[in-house]
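Undergrad:
Number of protein chains: 2
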Amino acid sequence: MSDIRVLVVEDEPVAAAAHGAYVGRLKGFSLAGTAPDGQSALRLLAEFSAAGNPVELVLLDMNLPDLHGLDIARRMRASGLLADIIAITAVRELNIVRSAVSIGVVQYLIKPFTYATFADKLASYQQFREQLGAGSGGARSGASQSDVDQAFASLRAPSELPLPKGLSTSTLDAVKEFMKQQQDAVSATEVMDALGMSRVTARRYLEYLADAGTVSRTARYGAPGRPENEYRWNRG
Amino acid sequence: MSDIRVLVVEDEPVAAAAHGAYVGRLKGFSLAGTAPDGQSALRLLAEFSAAGNPVELVLLDMNLPDLHGLDIARRMRASGLLADIIAITAVRELNIVRSAVSIGVVQYLIKPFTYATFADKLASYQQFREQLGAGSGGARSGASQSDVDQAFASLRAPSELPLPKGLSTSTLDAVKEFMKQQQDAVSATEVMDALGMSRVTARRYLEYLADAGTVSRTARYGAPGRPENEYRWNRG
DNA sequence: ACCTTCCATGACCAATATGAACGCAACGGT
DNA sequence: ACCGTTGCGTTCATATTGGTCATGGAAGGT
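Each protein sequence line maps, in turn, to chains A and B. Note that the numbering used here has the first sequence beginning at 945, numbered continuously upward. Note that the numbering used here has the second sequence beginning at 945, numbered continuously upward.
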């Protein structure tokens, strides 16, 4: 799959360069261009689109010299540009967030942010794209309600938040390290044995990783008794 | 807090009445009107907005006689109408979902759906609204990144609807995934072999899906032995 | 040194796929 | 027509695991 083409819209040169560099560091994304104000952003978008090489994602600053970010979004929609938008702003007003959502902003980043936060948001967007694009090799793919729900869920903000109560970073790292080394799927009991922790603890961390999308969870059938969950590290 | 005003856009009278009744049953929502096609929907939205009584949420069918739902959404954005949109459709094409998201659809419901599913989606939207509205003391509201993340999360988090006792979501997903891939009708025994589970379990989940209307059930004759039920994934 | 906070543990109860046993409905030969 | 054969539908007890609660012990702050 080809890279997701990104346009950075930001008036401050330092920030624009930083965001562009951030995009360049991410696998699966490529920087299509940079625009210092709303007019040039719209012009660039139209040009790329006319050239058959449309931008698919816009990192849009809300505070621009000529137009507000929301106006740019509105004009994009009016002209039928389908690029997704991640809003980047220092303005923390909730009604702006509301409006942004209804115009179709998929993510909302508040300045200042770290590279980790930035990468996290773009990664979740990438996962969203993949889930909708993975239509199981057919011209016509039938999506079920749960498929759509799952795709929406990956747009949800994951785990930059502090860990849920009852989890420690050191134990989590140990579990992650072990899971990474496993080729096949492993059960909670096997993790318990391998790491010498209790079944409850092993399960709690595996469950957390499964919710965060770091590991996938499937059931293991064939034996009597309640089905055993097995966990597998997600690669690529 | 006052009710969220909802407009139902649906050409089929039976479905329109049903959706309207659904809205009426929900606390915190009130039905502002119903429109049978795109033109009347846009007109109604404009009228309500001009009267200072704007619609805040549109339940938008994608398949309408005059305009496609995506076109309606685009025109709404072009005229600056900020109502949020929940798409309702029988069309399960993933690229439609993609476009819908980039235009600002906040939820996506696939027909046919139960009242429970419907209520669930609207409840999560309601929660999203409340989280953003909670700090609204005017311009004073300083939202942190985690606040915004949390609001997004409640908007897109998949809600787990209660399953009948004895069924698990992971097994159900496995069966659904397998059924979706099958072109022809399959028997419970074939599902058993393919997924490695027991005949009893396979049949239980197929029966559940048949009752829910997700698969259709017919009898297969011609071979000795008791006639075998065969199941087929319902498309369109 | 005491208190608070936090995480891992052990034990309990609830959940769920399995296998076997029984019954039922169509097929095919007599 | 009748009856044995065949293979699936249905039910039930059972085997294991998942989930939750209260407890114990360690780490850090006062």
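Beta carbons are placed, not taken as given, at the ideal position from N, Cα and C, and that holds for glycine.
A/Arg1176 versus chain B: which residues are under 8 Å apart at the beta carbon?
TA: Neighbours of A/Arg1176 on chain B: none; closest Cβ ~13 Å, over 8 Å.
Undergrad: Which residue spans inside the segment 1089-1125 of chain B form an unbroken alpha helix (DSSP H) run of at least 4?
TA: For the segment 1089-1125 of chain B, the continuous alpha helix (DSSP H) assignments of 4+ residues that do not extend past its boundaries occur at 1089-1100 and 1113-1125, in sequence order.
Undergrad: Please check if any C-beta of chain A sits within less than 7 Å of the C-beta of B/Val1092.
TA: Output row for B/Val1092: interface = yes.
Undergrad: Which residue wins for smallest C-alpha separation from A/Ser993, given the options A/Gly1140, A/Asp981, A/Met1020 and A/Leu1008?
TA: A/Met1020
Undergrad: Residues of chain A with CB closer than 9 Å to the CB of B/Leu1139, please, in chain order.
TA: Tyr1165
Undergrad: Report the neighbours of A/Val1045 on chain B: residues whose CB is nearer than 9 Å to its CB, in chain order.
TA: Asp1028, Gly1048, Val1050, Phe1072, Leu1076, Ala1095, Phe1096 and Leu1099
Undergrad: Taking the straight line between their C-alpha atoms, what separation do you get for A/Ala1154 and B/Gly977?
TA: 43 Å
Undergrad: In chain B, which residues lie less than 7 Å from A/Thr1162 when you measure between Cβ atoms?
TA: Ser1114
Undergrad: Report buried or exposed for B/Thr1113, applying the criterion of at least 16 other Cβ atoms within 10 angstroms of its Cβ.
TA: The residue is exposed, with fewer than 16 neighbouring Cβ atoms inside 10 Å.
Undergrad: Can you pull the chain A neighbours of B/Ala959, defined as C-beta to C-beta under 9 Å?
TA: In chain order: nothing, as chain A lies at least about 17 Å away.
Undergrad: Output yes if chain A places a C-beta closer than 7 Å to the C-beta of B/Leu1107; else output no.
TA: False, the Cβ-Cβ gap to chain A never drops below 7 Å.
Undergrad: Three or more C-beta pairs closer than 8 Å, one from the segment 1027-1039 of chain B and one from the segment 1052-1063 of chain B: is that the case here?
TA: Touching, yes.
Undergrad: Is there a Cβ from chain B that is less than 7 Å from the Cβ of A/Arg1021?
TA: yes
Undergrad: Where does B/Asn997 sit, in a helix, a strand or coil, going by DSSP?
TA: coil
Undergrad: To which residues does DSSP link A/Val953 through a beta bridge?
TA: A/Ala979 and A/Leu1004
Undergrad: Distance check for A/Ala1027 and A/Gln1075, CA to CA, integer angstroms please.
TA: 17 Å
Undergrad: Expressed to the nearest angstrom, what Euclidean distance is found between the alpha-carbon atoms of B/Ser1098 and A/Asp1005?
TA: 24 Å
Undergrad: For a test of the three-state rule: what should DSSP assign to A/Tyr1052, helix, strand or coil?
TA: strand
Undergrad: Under three-state DSSP, which class holds B/Arg1170?
TA: coil
Undergrad: Could you check which residue in A/Leu970, A/Leu1003, A/Trp1177 and A/Ala962 has the C-alpha nearest to that of A/Leu986?
TA: Comparing Cα-Cα distances from A/Leu986 to each of A/Leu970, A/Leu1003, A/Trp1177 and A/Ala962, the minimum goes to A/Leu1003.
Undergrad: Looking at C-beta atoms only, is the number of pairs between the segment 961-975 of chain B and the segment 1165-1180 of chain A that lie closer than 8 Å three or more?
TA: no
Undergrad: Expressed to the nearest angstrom, what Euclidean distance is found between the alpha-carbon atoms of B/Ala1083 and A/Ile1040?
TA: At B/Ala1083 the pLDDT is 43, less than 50, meaning the model places this residue with poor confidence and gives no usable figure here.
Undergrad: Using the beta-carbon count (16 or more within 10 Å), is B/Thr1162 buried or exposed?
TA: exposed
Undergrad: Is the beta carbon of A/Val950 sitting closer than 7 Å to the one on A/Ala979?
TA: no
Undergrad: Which residues in chain B sit within 8 Å of A/Val886, going by Cβ to Cβ distance?
TA: Here chain A comprises residues numbered 945 to 1180, so residue 886 of chain A is not present and cannot be evaluated.
Undergrad: List the residues that DSSP assigns as beta-bridge partners of A/Tyr1175.
TA: A/Val1130 and A/Arg1161
Undergrad: Mapping DSSP to helix, strand and coil, what is A/Ser1142?
TA: A/Ser1142 falls in the coil class under three-state DSSP.
Undergrad: How would you call A/Ser946, buried or exposed, if buried means at least 16 neighbouring beta carbons within 10 angstroms?
TA: Per the 10 Å Cβ criterion, exposed.
Undergrad: In chain A, what lies closer than 9 Å to B/Gly968 by C-beta?
TA: Those within 9 Å of B/Gly968 in chain A number zero; the least Cβ separation is about 23 Å.
Undergrad: Name the DSSP beta bridge partners of A/His1012, please?
TA: A/Asn1007
Undergrad: Would you mind sorting A/Asn1173 into buried or exposed? The rule is 16 or more other CB atoms within 10 Å of its CB.
TA: buried
Undergrad: Quick one: using the 10 Å Cβ neighbour count with 16 as the cut-off for buried, is A/Glu1000 buried or exposed?
TA: buried
Undergrad: My assumption, with CB atoms under 8 Å, is that A/Val1049 sits in contact with A/Ala1017. Please give the rounded CB distance.
TA: 7 Å
Undergrad: Any beta carbon from chain A within less than 7 Å of B/Arg1148's own beta carbon?
TA: no
Undergrad: Is the separation between the beta-carbon of B/Ala1146 and that of B/Ala1132 shorter than 7 Å?
TA: yes
Undergrad: Can you give me the start and stop residues for the beta strand (DSSP E) that A/Ala1031 sits inside?
TA: Asp1028 to Thr1033
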